[in-house]
Amino acid sequence: MVGHLLNKDLKALKMDHARVIDISGGIGKLPRPSLSHLCKSVLGYEMPKSPGRCVHEAVASMKLVLAIVELRIDTSVPLPDESRLLPLEKNVVSKHSRRNLRGRQPL
Numbered sequence: 006m007v008g009h010l011l012n013k014d015l016k017a018l019k020m021d022h023a024r025v026i027d028i029s030g031g032i033g034k035l036p037r038p039s040l041s042h043l044c045k046s047v048l049g050y051e052m053p054k055s056p057g058r059c060v061h062e063a064v065a066s067m068k069l070v071l072a073i074v075e076l077r078i079d080t081s082v083p084l085p086d087e088s089r090l091l092p093l094e095k096n097v098v099s100k101h102s103r104r105n106l107r108g109r110q111p112l
């Protein structure tokens, strides 16, 4: 299962999943960037504001994971106010990605 802020969705559905990759990237108490901001910063495009947005969000989540893991892109994403950076390093992402394929740890 791949998505953004999946812990909230799974909690609302009262379910658990063995393989979860959460691209929200929460680290400690740092704010989590929105999916729209991640798409703009990492993939270079804006999320459409349409009634079928949930489909676009699912596709964007998958594209973000592929870009981070397979293409080994830089994963330091500036927060919307650009005053602080989200410190995700390549080695941390790849280590967590491998673990996520086996466990329930958020990315």
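Numbering follows the working numbering, with no gaps: position 97 of the sequence shown is 102.
Glycine included, C-beta positions come from ideal geometry on N, C-alpha and C.
Fair warning: this is a prediction, and the values are worked out from it, not measured in the lab.
Could you give the DSSP three-state label for Ile-26: helix, strand or coil?
strand
Integer Cβ distance of Leu-40 from Met-52, believed to fall under 8 Å
7 Å
Could you pull out every residue in the same chain whose Cβ sits closer than 7 Å to the Cβ of Lys-68, ignoring the five residues on either side in sequence?
Leu-48
Of the choices Ser-66, Glu-75, Leu-76 and Arg-77, whose alpha-carbon is the least far from that of Ile-26?
Ser-66
Quick check on the burial criterion: 16 or more other C-beta atoms within 10 angstroms. Buried or exposed for Cys-44?
buried
What does DSSP give as the partner residue(s) for Val-7 in the beta ladder?
Ile-26
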